[in-house]
Each structure stands twice: as C-alpha cells, then as structure tokens.
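Comments concern the structure below.
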Amino acid sequence: MISREEVEHVARLARLALTAEELERMRAQLNAILVHIDALRAVDTEGVEPTSHAVPVVNVMREDEPRACFPRDAMLANAPDRSGEFFRVPRIIED
Amino acid sequence: MDLQRPIHELTAAYRRGETTPGAATEAYLARIEKLDGRIGAYITVTAEEARAAAAAADRRYRDGTPLGPLDGVPLSIKDVFCTRGVRTTCGSRILEQFVPPYDATLVTRLAAAGAVMLGKGNLDEFAMGSSTEHSAFHVTRNPWDPSRVPGGSSGGPAAAVAGGLAAGGFGTDTGGSIRQPAAFCGVVGLKPTYGRISRYGLVAFASSLDHPGPFGRDVTDAALLLGAAAGHDPRDATSIDAPVPDYTADLPRGVRGLRLGVPDEYFIAGMDPEVERAVRAAIEVLKGLGAGVERVSLPATPYALATYYVIAPAEASSNLARYDGVRYGLRAEGGGDLIEMYEATRAQGFGAEVKRRIMLGTYALSSGYYEAYYGQAQKVRTKIAADFSAAFAEFDFVVTPTSPSVAFGLGEKTDDPLAMYLNDFFTVPMSLAGIPAISIPAGLAEPEGGGPRLPVGFQIAAPAFAEQKLLDAAYALEQGIGFDATPSGAPYVPMDGIKRTGSGGEGDG
C-alpha cells in the first residue's frame, strides 16, 4: 500500500502541488489501481526480454544535412513570459 | 443535403456535379452550428479555413482535376494533432491558448489530399480516458442517446461522424481510444499498425503506444482515410518505411477460407449479455460467409490491462514533464521560485485524471519500484505480443468484442478510475502488441435500464501490416451485417433531409 508520505514524495518528483484533500484522494485511488496492477507480480517472466516498442526500429540514420529551423519568433510566440529573444522564468540564482 | 452518407458516396456526388465541397462544407458547418451546442463534438470549429479549403476543392472538381478520394471531404480532427495557426488544446487548460507553429504530418497529408478540416474534435484531456468526460472544456454526448458518453478518448471525432457533424475523422488510439468510441457511436474505427501513420506533430501521451487512425461511416471510408494518412515520415523515427497499398483495391474479396480465432479470454464475466449476443451473431455471419471459426487462447490477456496501466502512465509522466510553464502553455501567476512556479502551473493546468496518471507513472518509474512495475510490465508486454504471434501462426485474424458494454451514462464512472479503466480490457492487448485492429458496428443492443438501442462494436485484429486483409474481412462482415450507422432514436436529432433507419440495422436481423 502506498502511504501518504510516498504520495507526497511522488508529487514532489512530478512537480505537482496537491492540496491535502487531493493527496488523500490520490492515495486512495492509487492504492485501488495498484492492487490491480500488483497482479503482474504473479506472472512468470523468467528469461523474457522486455518490449519497449512493439515494432522494433533501431538506429534510424539520416544524412547530416543543414536545414532550415523554425524562426526564433515563432518559437517564442507561445511563451507565457519572454524578454527579447529569451524565455523569462522566475529568479533561479539568489543575489 | 444528406450529411450521414459515406465519404465515397459524397465524393461520387461531387464528381457527378450533384453537389460541391463548398455546399457540403456549408451544410456541415450549419449542422455544427445548430447541434454541436448539444453534442459537444468540437473544441474549435475552423469555419473560415474550412471554407477556403472547400473553395479550392470546388475549383479542382470544376476543372476536372480532383486530387483523389478525399478531395473536398469535411473531417473532424482530434484536438491532439498540431495545426499551424489553429489552437491545439489536447482538451487541457494547460494548452488552452497554445497555437502551434507547424502542422502535424497527418494534417499536412490530409491537406495535400484536399480534405477539409471542419474543426478540432473533443477528447479526454491528453487522450487519457474512455468517455471524453475528462475534457477540460465540455463533455461530448453520444448521438444515439445524449444522456450517454460517446466513449473516449477520441469521443469528439467519433460523435461527429455518427451525428453527421463530419464526413469522417481522425483520432488517436493508445489503449482503445479510437476503437471504443467507434463502438459506442456505431461507426468504424481503425487502429493501424504502430508506425503506419506518422506521429510527428501528435502531442505525445505514451509514445510507444500512440497510434493515429481514422473514423469512417463504413469500412470503405476507413480504407480511404488510412490510405491518405499512412506512409513513412522521416520526421518520425518510429514511422515504418513500408509501401502503402490501395486499401480499397480488394475490399470485395470476402472471408471464404480464412481462419478466425475467437479468444476464450475475451468472453469474461461481467460482459453485457446483449454485447455478447451481438458479437456471437456477427461471428455466425462470418461463418455464413465461409470463414472458419475456432476457439483460441491468448493466456496473457488477463494481465494486459495492468501492463497497460503501468507502461502508458510511465511514458505519460515523462512526456508531460515538458509542461512547465516556460516555453508554451499556461503559467501560474503568484510569484514564488521556479520550482513553486512549476508545481503551481501543473496543479492548475492539469485535470484530475491527468494528475492521477502522472502520479501513477512517476511512482512506477521511481527508485525502488522501477523493476517491479515498469520492468515487469515490459516483460509481460512481450508475452502479450507473443500470444498474438502464436495465434496468427494458426489464424488470419482474432475476433472479439470491442468493449464489454454499450455506451454508459454520463457521470456513471467518473468517480471510479478503475471501473473506467476496465473499459479498455478488450482493446489494450492490441495496443501493447502494436498490431492493427478495427471496430465495426455489429448491431444494436437494448441497454440495461432502457432507452434507445445502442451500437455494439465488433473487433477484428490482424498481424502487423496486414491492414489490407483486415479491411477486406471487415468489409465482408459489414456487408453481411448490413448495419446502417445512423442514430435512429436520438431524441435531439432534427432529421431534416437525413436518412433514418426505421428499426435500426440489427446485427442478426
């Protein structure tokens, strides 16, 4: 069973601010889902290779040719906040 | 104008000069204007762009130079495909104002084929859900019974096609999000082989499972839509470089002599008996058409749902890490440092289901649990794919119900995530295996508790890249069943000039 502390820890990892009420509901719901998922532990997978992609495609190569990229303004057009040619974020480094 | 006829009939009418793409587009836009307030199939209607595209198609038909079988065909595109200059929300507050600077390859290909995009179809937020109730904007109602869900996550395009609000559509299927809404809405939905249609410009949910695919009123339409969308794309490294055949070329081939496996594991306790009856009846139709039908076992099936609900959330938690309020999308106001800004942005921007999946996926990938959950799920995924490979050594197809029930009521499952997930029981195995599967209407069933009769979906799954054979078999079944995919009893539908089916096309009738 996942504890409230674990839910808080995972929420921090996922960068999700959850209210106390959300944390409790999440704990209960995750537990219900995990009970179902725990059935996987019973499957014998000794010697079974994991599948990351159903259709295996490896090492797709292409010529290293210069090509046009998107104009800077188009890439900045959706920015919630910008300063000239840059994305602006809250201060990271203290004075 | 008949807005509930198949694409191949609409374009035949264009070619005969009986109507034009411009007139059809106006008629669809008028119907959307009139009805979509009640159905909710669209998030954004692109009337201006649609009229411009239709006018160009008009000129081509007038000059006798139409581009092909989709020229001038009005479509609904799930709002998860990027459209240049048209906002692309993914049904989420976090992308409510996002206007992509480029088109998804699917959108580019459809435009090159002359198709007319009517608008962006509603969906469960980030395609996570089975009812379209998790859209941040509004629910979509099922045109067969507006008190019920259209399925999901591609509920918008499915309801649009069923309700005559588009001639066809495109959605995405990660764990059933095309096939299940197709089943609930009484239309044809196809999930092709993984990599058959490019994912470039498709906003990612679970990258190893996301499959774009078409909705059509019939199998022929699904074949036409697939043909226009499929093909290698150098911008998607996982798209497959294999030739694209004319998927309509052999549709009348039939199923005589083909071998169909009916998996025991798909006839579970708890399945709606009316669904089972319609599916068994469809199997009898296939037998009558000369197919050999036998039982088959896919023993890993009971673990598919758990496997999916580890792998898909794990990939989602990683993919959705990009929504950080910096480069695009919502940013929460209110000061604080960078981390607090991330946390507040994501708390405000994501809905409950998306948060649940992010949490589940983050947990499954977190230190100490990775091998037990994610590692184990990837291995069980191998066993699920191996089940299908073994079955296809003996059989041409595996046939199953698409969903354990008909469309359920709005609000019925929103408080119980696990009950919602169980909807995907019959569709996730094919997603995990990456194999093509189609849902076609098998008939109508009486819902428990009364109300208008509702469509039942019949699923056919085939080996990777066997879409053509799959469509041929689906076509044979469709002809054998004679289903007329028009909502017959929906109380809201003012049927001006629209074909009605008196008693509905019953599967075994």
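Those protein sequence lines, which keep their order, are chains A and B. Heads up, our numbering is the position in the first sequence plus 8, with the first residue counted as 1. Heads up, our numbering is the position in the second sequence plus 41, with the first residue counted as 1. The beta carbon of each residue, even a glycine, is placed where N, CA and C say it ideally should be.
Quick one: list the residues of chain A neighbouring residue i, beta-carbon separation under 9 Å, in chain order.
{"i": "B/Arg368", "result": "Met83, Leu84, Asn86, Ala87, Pro88 and Phe95"}
{"i": "B/Thr279", "result": "His61, Val63, Val65 and Val68"}
{"i": "B/Gly126", "result": "Within chain A, no residue comes near B/Gly126; the closest Cβ sits about 10 Å away, beyond 9 Å."}
{"i": "B/Ala418", "result": "Ile45, Leu48 and Pro58"}
{"i": "B/Phe466", "result": "Simply none; closest approach about 11 Å."}
{"i": "B/Leu473", "result": "Thr59 and Ala62"}
{"i": "B/Ala571", "result": "Outside the displayed span of chain B (42 to 550) sits residue 571 of chain B, for which this structure offers no information."}
Can you pull the chain B neighbours of residue i, defined as C-beta to C-beta under 7 Å?
{"i": "A/Ala22", "result": "Ser358, Ile399, Met400 and Thr403"}
{"i": "A/Ala25", "result": "Glu384, Ala385 and Ala388"}
{"i": "A/Ala28", "result": "Going along chain B, no residue has its Cβ under 7 Å from A/Ala28, so there is no contact; the nearest lies around 13 Å."}
{"i": "A/Ala40", "result": "Leu459"}
Residues of chain A with a CB under 7 Å from the CB of residue i: which are they?
{"i": "B/Ala347", "result": "His44, Ile45, Ala47 and Leu48"}
{"i": "B/Tyr235", "result": "Ala62 and Val63"}
{"i": "B/Arg100", "result": "Ordered by position in chain A, no residue passes the 7 Å Cβ test against B/Arg100, which lies about 30 Å from the chain."}
{"i": "B/Ser407", "result": "Val18 and Leu21"}
{"i": "B/Ala426", "result": "Thr59 and Ala62"}
{"i": "B/Tyr344", "result": "Ala47, Leu48 and Val51"}
Are the Cβ atoms of residue i and residue j separated by less than 7 Å?
{"i": "B/Leu346", "j": "B/Ile425", "result": "no"}
{"i": "B/Gly155", "j": "B/Asp99", "result": "no"}
{"i": "B/Ala517", "j": "B/Pro477", "result": "no"}
{"i": "B/Ser444", "j": "B/Gln138", "result": "no"}
{"i": "B/Asp277", "j": "B/Arg240", "result": "yes"}
{"i": "B/Ala199", "j": "B/Val157", "result": "no"}
{"i": "B/Ala263", "j": "B/Thr215", "result": "no"}
{"i": "B/Gly484", "j": "B/Ala224", "result": "no"}
{"i": "B/Pro233", "j": "B/Gly254", "result": "yes"}
{"i": "B/Ala270", "j": "B/Leu111", "result": "no"}
{"i": "A/Ala40", "j": "B/Leu463", "result": "no"}
{"i": "B/Ala515", "j": "B/Ile481", "result": "yes"}
{"i": "B/Ala201", "j": "B/Ser117", "result": "yes"}
{"i": "B/Pro115", "j": "B/Ala208", "result": "yes"}
{"i": "B/Thr60", "j": "B/Ala53", "result": "no"}
{"i": "B/Ala355", "j": "B/Tyr415", "result": "yes"}
{"i": "B/Thr181", "j": "B/Ala82", "result": "yes"}
{"i": "B/Val121", "j": "B/Ala448", "result": "no"}
{"i": "B/Ala388", "j": "A/Leu31", "result": "no"}
{"i": "A/Val56", "j": "B/Thr403", "result": "no"}
{"i": "B/Ile479", "j": "B/Leu511", "result": "yes"}
{"i": "B/Met169", "j": "B/Val395", "result": "yes"}
So residue i contacts chain C; which residues on that side make the cut at Cβ distance below 7 Å?
{"i": "B/Thr423", "result": "Within the model displayed, chain C is absent; protein chains A and B are what it includes."}
Please list, in chain order, the chain B residues whose beta carbon lies closer than 8 Å to that of residue i.
{"i": "A/Met34", "result": "Lys396, Arg397 and Met400"}
{"i": "A/Ala76", "result": "Result: empty, since nearest Cβ-Cβ is about 12 Å, beyond 8 Å."}
Since residue i meets chain B, which of its residues come closer than 9 Å, beta carbon to beta carbon?
{"i": "A/Ile100", "result": "Asp378 and Leu379"}
Show which residues of chain A have a CB atom less than 8 Å away from the CB atom of residue i.
{"i": "B/Ser133", "result": "Chain A residues near B/Ser133: none, gap ~14 Å exceeds 8 Å."}
{"i": "B/Arg321", "result": "What B/Arg321 touches in chain A: nothing, since even the nearest Cβ is about 28 Å away."}
{"i": "B/Pro275", "result": "Arg70"}
{"i": "B/Ala168", "result": "Near B/Ala168 there are no residues of chain A at all, since even the closest Cβ is about 18 Å away, more than 8 Å."}
{"i": "B/Arg79", "result": "Under the 8 Å cutoff, chain A gives no residues; its nearest Cβ is about 32 Å from B/Arg79."}
{"i": "B/Val351", "result": "Ile45 and Leu48"}
{"i": "B/Ser218", "result": "Under the 8 Å cutoff, chain A gives no residues; its nearest Cβ is about 16 Å from B/Ser218."}
{"i": "B/Gly413", "result": "Gly is not the amino acid found at residue 413 of chain B; the sequence shown has Ala there. Per Cβ cutoff of 8 Å: Arg49."}
{"i": "B/Arg372", "result": "Pro88 and Asp89"}
My assumption, with CB atoms under 8 Å, is that residue i sits in contact with residue j. Please give the rounded CB distance.
{"i": "B/Asp313", "j": "B/Ser446", "result": "5 Å"}
{"i": "B/Asp296", "j": "B/Ile522", "result": "Note on residue identity: the sequence assigns Val, not Asp, to residue 296 of chain B. Not confirmed; about 13 Å, so no contact."}
{"i": "B/Pro18", "j": "B/Ala97", "result": "A query on residue 18 of chain B cannot be resolved here, the shown segment of chain B reaching from 42 to 550 and no further."}
{"i": "B/Asp186", "j": "B/Gly492", "result": "5 Å"}
{"i": "A/Met34", "j": "B/Arg397", "result": "7 Å"}
{"i": "B/Thr213", "j": "B/Lys161", "result": "Wrong, their Cβ atoms sit about 13 Å apart, outside the cutoff."}
{"i": "B/Ile48", "j": "B/Gly257", "result": "7 Å"}
{"i": "B/Arg144", "j": "B/Asp291", "result": "Reading the sequence as shown, one finds Asp at residue 144 of chain B and not Arg. Going by Cβ atoms, the distance from B/Asp144 to B/Asp291 rounds to 32 Å, so no, they are not a contact pair."}
{"i": "B/Leu206", "j": "B/Ile80", "result": "7 Å"}
- Message: Using a Cβ distance threshold of 8 Å, determine whether the stretch 422-440 of chain B contacts the stretch 301-310 of chain B, with at least three qualifying pairs required.
- Response: Touching, yes.
- Check each residue of the stretch 380-391 of chain B: if its Cβ is closer than 9 Å to any Cβ of chain A, include it; give the result in chain order. So the list reads Ile380, Glu381, Met382, Tyr383, Glu384, Ala385, Thr386, Arg387, Ala388, Gln389 and Phe391, given in the order they occur along the chain.
- Task: With 8 Å as the limit, tell me which residues of the stretch 430-460 of chain B have their beta carbon closer than that to any beta carbon of chain A; keep them in chain order.
- Result: Listed in sequence order: Pro458 and Leu459.
- Message: When you compare the stretch 52-66 of chain A with the stretch 330-341 of chain B, are there three or more beta-carbon pairs, one atom per stretch, that lie closer than 8 Å?
- Response: Output reads no: the stretch 330-341 of chain B does not touch the stretch 52-66 of chain A.
- Query: Are at least three pairs of beta-carbons, each pair with one atom in the stretch 303-322 of chain B and one in the stretch 487-501 of chain B, less than 8 Å apart?
  - Reply: With a cut-off of 8 Å, the stretch 487-501 of chain B and the stretch 303-322 of chain B count as touching, because enough Cβ pairs lie within range.
- Query: When Cβ atoms are compared, which residues of the stretch 137-148 of chain B fall closer than 9 Å to chain A?
  - Reply: Near chain A, meaning a CB-to-CB distance below 9 Å, the residues of the stretch 137-148 of chain B are Gln138, Phe139, Val140, Pro141, Pro142 and Tyr143.
- Item | Stretch pair the stretch 162-180 of chain B + the stretch 429-438 of chain B: three plus CB contacts closer than 8 Å | As far as the Cβ criterion goes, the stretch 162-180 of chain B does not touch the stretch 429-438 of chain B, which means the pair count is below three.
- State whether the stretch 362-377 of chain B contacts the stretch 83-99 of chain A, with contact taken as three or more CB pairs (one from each stretch) at a distance under 8 Å. Yes: the two stretches touch, three or more of their Cβ pairs being nearer than 8 Å.
- Item | Members of the stretch 245-277 of chain B near chain A, C-beta cut-off 7 Å | Hits within the stretch, in order: Ser249 and Pro275.
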